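First up is the structure itself, then whatever we jot down about it.
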Amino acid sequence: MTANALSKTLLVIGGSSDIGRAIASRYAVAGWQVVLAVRDVAAGTRNASDIAARSGRAVPVHRLDILETDQFAAMLDGLPVLPDTVVCVVGDMGDQARSEADPLAAQRVLRANFEGPALFLGMIAERFAARGTGAIVGISSVAGDRGRASNYIYGAAKAGFTAFLSGLRNRLAGRGIRVVTVKPGFVRTRMTEGMALPGPLTADPSEVGRAVFRAAEQGRGEVIYVRGVWRPLMMVIRAVPERIFKRMQL
Amino acid sequence: MTEFHGWGRYPRHDSALISPLAPGEVASLYDDADGRPRAGLIARGAGRAYGDAAIGDSATVVMRGLDRIRSFDRQTGRVTVEAGLLLADLIGVAMPAGWFPPVVPGTRFVTIGGMIAADVHGKNHHRAGGFGDHVETLTLALPDGQMVTCGPDHHPDLFRATIGGMGLTGMIVEASFTLVPIQTGWISQRTVVAPDLDRALAALRDAAEATYSVAWIDCLARGAALGRSLVYLGEHATPADLTARAGADRWPPAVGGRFTVPLDAPSMMLNRLSVGAFNALYYKRGARAAGQAMLVPWDRYFFPLDGIGDWNRLYGARGFVQYQCVLPMTAAAGTLADILERVSRAGHASFLAVLKQLGPAHGDLSFPMEGVTLALDLPVSARVLALLNDLDRLVVAAGGRLYLAKDARQSPATFEAGYPGRDRLRRLRHQIGAPGRLSSKLSTRLGI
Numbered sequence: 006m007t008a009n010a011l012s013k014t015l016l017v018i019g020g021s022s023d024i025g026r027a028i029a030s031r032y033a034v035a036g037w038q039v040v041l042a043v044r045d046v047a048a049g050t051r052n053a054s055d056i057a058a059r060s061g062r063a064v065p066v067h068r069l070d071i072l073e074t075d076q077f078a079a080m081l082d083g084l085p086v087l088p089d090t091v092v093c094v095v096g097d098m099g100d101q102a103r104s105e106a107d108p109l110a111a112q113r114v115l116r117a118n119f120e121g122p123a124l125f126l127g128m129i130a131e132r133f134a135a136r137g138t139g140a141i142v143g144i145s146s147v148a149g150d151r152g153r154a155s156n157y158i159y160g161a162a163k164a165g166f167t168a169f170l171s172g173l174r175n176r177l178a179g180r181g182i183r184v185v186t187v188k189p190g191f192v193r194t195r196m197t198e199g200m201a202l203p204g205p206l207t208a209d210p211s212e213v214g215r216a217v218f219r220a221a222e223q224g225r226g227e228v229i230y231v232r233g234v235w236r237p238l239m240m241v242i243r244a245v246p247e248r249i250f251k252r253m254q255l
Numbered sequence: 012m013t014e015f016h017g018w019g020r021y022p023r024h025d026s027a028l029i030s031p032l033a034p035g036e037v038a039s040l041y042d043d044a045d046g047r048p049r050a051g052l053i054a055r056g057a058g059r060a061y062g063d064a065a066i067g068d069s070a071t072v073v074m075r076g077l078d079r080i081r082s083f084d085r086q087t088g089r090v091t092v093e094a095g096l097l098l099a100d101l102i103g104v105a106m107p108a109g110w111f112p113p114v115v116p117g118t119r120f121v122t123i124g125g126m127i128a129a130d131v132h133g134k135n136h137h138r139a140g141g142f143g144d145h146v147e148t149l150t151l152a153l154p155d156g157q158m159v160t161c162g163p164d165h166h167p168d169l170f171r172a173t174i175g176g177m178g179l180t181g182m183i184v185e186a187s188f189t190l191v192p193i194q195t196g197w198i199s200q201r202t203v204v205a206p207d208l209d210r211a212l213a214a215l216r217d218a219a220e221a222t223y224s225v226a227w228i229d230c231l232a233r234g235a236a237l238g239r240s241l242v243y244l245g246e247h248a249t250p251a252d253l254t255a256r257a258g259a260d261r262w263p264p265a266v267g268g269r270f271t272v273p274l275d276a277p278s279m280m281l282n283r284l285s286v287g288a289f290n291a292l293y294y295k296r297g298a299r300a301a302g303q304a305m306l307v308p309w310d311r312y313f314f315p316l317d318g319i320g321d322w323n324r325l326y327g328a329r330g331f332v333q334y335q336c337v338l339p340m341t342a343a344a345g346t347l348a349d350i351l352e353r354v355s356r357a358g359h360a361s362f363l364a365v366l367k368q369l370g371p372a373h374g375d376l377s378f379p380m381e382g383v384t385l386a387l388d389l390p391v392s393a394r395v396l397a398l399l400n401d402l403d404r405l406v407v408a409a410g411g412r413l414y415l416a417k418d419a420r421q422s423p424a425t426f427e428a429g430y431p432g433r434d435r436l437r438r439l440r441h442q443i444g445a446p447g448r449l450s451s452k453l454s455t456r457l458g459i
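Below, the structure is given as structure tokens:
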């Protein structure tokens, strides 16, 4: 824990999730002041008191629904300080079959994974740019690397988010602001509860926490797969010609 | 359905898997999604009970998602935690702040809820009692869907039945207890050599003042050497003790998983020859180091086997049983000699054999009683199971009992003879509507 780190603040959007908790814990252990923004305040408070008990430092909780885009400015203005790093973990996998049949369900998935996160991080980026420092981390997904029959609504939203982060990074390069895209692959969380996950491709939330910290604070990578094995795997999947891919029914 | 087994990997049973993610969900699990009552539930922690205690008769509630520390007062050492928190996790947070759990079992990969349900004992039971003795309050989801907080002064009957109650009075959701202050993460250890059983028991008795005491026993030694042991006495080391060891880290980090058993060992690997040779070497080495105090990091003192990942696979694919009995002091010497004689004569190699002194316990179904406990690990086979039935008779005749958290095979009669508090627990189970709702493979097997 350095004296420098003591004065730094992390804001986690989606702090009641397993991945959000793990990232927040990793930063808290390093001595950061952690702030959680959550839709479900009770669940967020449970994580906040856990992190506070472990780190010996209070963890404030703010209410934020990523679909209520008109509330973003007020929420940001209500923070006592502009954070040094913002991590956006929110996401909603939805149900592909339901999203195909019900435009409202599809819209929810698109907004929760793309519109909301992009707009929020865009506002953060403006403030960071004005200040001249900051790190922005977006948790995207390997599902955005190529559309698949089984989850392309979610995948399309994540692809949009990945492209947004890429553009933001491009725009802010050389202006003191770091933009990191994280593609966790499979993670053992409540979102994947009950699914049969392939062991070598599946990370624990704590691995995501460590990977984010390494990339954002120690400068190790800008577009990262939490488990390295995903990088060659997705390279191959992206390279499969469309006429073959469409017959694979992944 | 999911196949469950305990740490001994015997027996194996199918049970439905339920994973609550927040404390508020637990009480509602007594009914299914359509509001129909479920039958045969039991809570499961980290799966370190050896036998069938944490396999639900029809559904198993895995509590690992409830792993939050609710509060930790660094001034007083008082903590409130969710039941699914791992002991390893708690130690990792508490130790650098100068606190340690008042009682720990032989592995740190257990949950706090499991420690309460089994009323686990440590190497300090003779002085500190079981883990349950330190619980100040606990929150329980009762079979009628109510959440109740109980403690020594609050619903004491329910509390007493829940300490060591093997999850049969409700699902433990949260607990509060107070840690003990320590100055370093080291244990100052002294070894006493006991060339036979009588001297091993005497050494444990003489060590009543030691904070921690435990004996490793060579259960393959025979004749005059029957019961020869190394008795390890331990005290929390002070910073002054550390000066002897230059550069010692005051809070040494856990050394976990230096080596993991990658696959099931052939069951002949642990045979009389290999274990006998190991035991003889181990005894000689220990005897050489006897007398002078040495510093041992906390994890290697309390949790020596945690350094070997998945060590349960050493016993082969058929699994193993741990036989842990406690014998009242008066009968201990004679019955232990009889047990060791039979195990040694049968030639079954028990890699792990541990002797400890225990004090009285409080829970209706708590394992400890004033006396001596012996634990043996034995690979499962028809011959071993037959031998253990013989040992049960010796234990019952001596007025002893078997540890339910380790049990995979005792008979209802052995249980009835060993646990005088059983009927009080049964009455309480009736009062709270537990029969039929809360049951494990163990409770059904034993008729609890």
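Protein chains in written order, with our numbering: chain A, 6 to 255; chain B, 12 to 459. We treat Cβ as the ideally placed atom computed from N, Cα and C, and that holds for glycine. Fair warning: this is a prediction, and the values are worked out from it, not measured in the lab.
| Check | Outcome |
| --- | --- |
| Cα-Cα separation between G46 of chain B and V241 of chain A, rounded to whole angstroms | 47 Å |
| Helix, strand or coil at T6 of chain B [DSSP, three-state] | As shown, chain B starts at 12 and ends at 459. That puts residue 6 of chain B outside it, with no answer to give. |
| V40 of chain A to G165 of chain A span [Cα, whole Å] | 27 Å |
| Spatial neighbours of A211 of chain B in its chain, beta-carbon cut-off 8 Å, leaving aside the 5 residues before and after | A205, A226, I228, G238, R239, S240, V242, L366 |
| Interface positions of the segment 59–78 of chain A facing chain B (Cβ-Cβ less than 8 Å), listed along the chain | R59, G61 |
| Contacts of A29 of chain A in chain E (Cβ-Cβ under 8 Å) | Within the model displayed, chain E is absent; protein chains A and B are what it includes. |
| Proximity of F191 of chain A and A162 of chain A at Cβ, strictly below 9 Å | no |
| Three-state secondary structure (DSSP) of I158 of chain A | helix |
| Through-space distance from G179 of chain A to P116 of chain B, alpha-carbon basis | 55 Å |
| Rounded C-alpha distance that separates N9 of chain A from A33 of chain A | At N9 of chain A, the pLDDT of 48 sits below 50, so the modelled position is not reliable; the number obtained from the coordinates is stated separately. Going from the Cα of N9 of chain A to the Cα of A33 of chain A covers about 14 Å. |
| Where the alpha helix (DSSP H) through D130 of chain B begins and ends | Taken as a continuous stretch (DSSP letters only), D130 of chain B belongs to no alpha helix (DSSP H), as it is neither H nor E. |
| Alpha carbon of L94 of chain B to alpha carbon of V73 of chain B, nearest angstrom | Before going further, note that residue 94 of chain B is Ala rather than Leu in the sequence given. If I take the Cα positions, the gap works out to 11 Å. |
| Which of helix, strand or coil DSSP assigns to F125 of chain A | helix |
| Per-residue DSSP class, three states only, for K163 of chain A | helix |
| Residues sharing a beta bridge with Y61 of chain B, DSSP | According to DSSP, Y61 of chain B bridges with nothing at all. |
| L84 of chain A to T13 of chain B span [Cα, whole Å] | 46 Å |
| Simplified DSSP state of Y230 of chain A, which is helix, strand or coil | strand |
| Proximal residues of chain B, C-beta to C-beta of R51 of chain A below 9 Å | A33, P34, R79, R81, E93 |
| Contact with chain A by A108 of chain B, beta-carbon distance below 9 Å | yes |
| Beta-carbon proximity list for A47 of chain A, same chain, < 8 Å, skipping 5 on both sides | none |
| Cα-Cα separation between M6 of chain A and Q223 of chain A, rounded to whole angstroms | Residue confidence is low: M6 of chain A scores 42 on pLDDT, short of 50, so the model does not pin down where it sits. Its coordinate-derived value is still stated next. Taking the straight line joining both Cα atoms gives about 14 Å. |
| Beta-carbon proximity check, G61 of chain A vs F83 of chain B, cutoff 9 Å | yes |
| Assigned exposure category for G143 of chain B - 16 Cβ within 10 Å defines buried | buried |
| For R356 of chain B, three-class secondary structure by DSSP | helix |
| Cβ-based burial, S21 of chain A [other Cβ within 10 Å; buried from 16] | buried |
| Neighbour flag for A47 of chain A against chain B, beta carbons, 9 Å | yes |
| Same chain, Cβ closer than 8 Å to L40 of chain B, neighbours up to 5 away in sequence not counted | I29, P31, R49, L52, V72, A152, M182 |
| Residue burial classification, M126 of chain B (beta-carbon count within 10 angstroms, cutoff 16) | buried |
| Unbroken alpha helix (DSSP H) run spanning P237 of chain A, endpoints | 235–244 |
| Check whether G204 of chain A and S30 of chain A have beta carbons under 9 Å apart | no |
| Status (buried if at least 16 other CB within 10 Å, exposed otherwise) for T138 of chain A | exposed |
| Nearest neighbour of R394 of chain B, chosen from B:S377, B:P423, B:V354, B:G374 [CA to CA] | B:V354 |
| Cβ pair L72 of chain A, R103 of chain A closer than 9 Å | no |
| Inside the segment 110–175 of chain B only - alpha helix (DSSP H) runs reaching at least 4 residues | 123–128, 136–139, 167–173 |
| Coil, strand or helix - R103 of chain A by DSSP | helix |
| Cβ-based burial, S181 of chain A [other Cβ within 10 Å; buried from 16] | The amino acid at residue 181 of chain A is misidentified as Ser; the sequence shows Gly. Exposed: under 16 other Cβ atoms inside 10 Å. |
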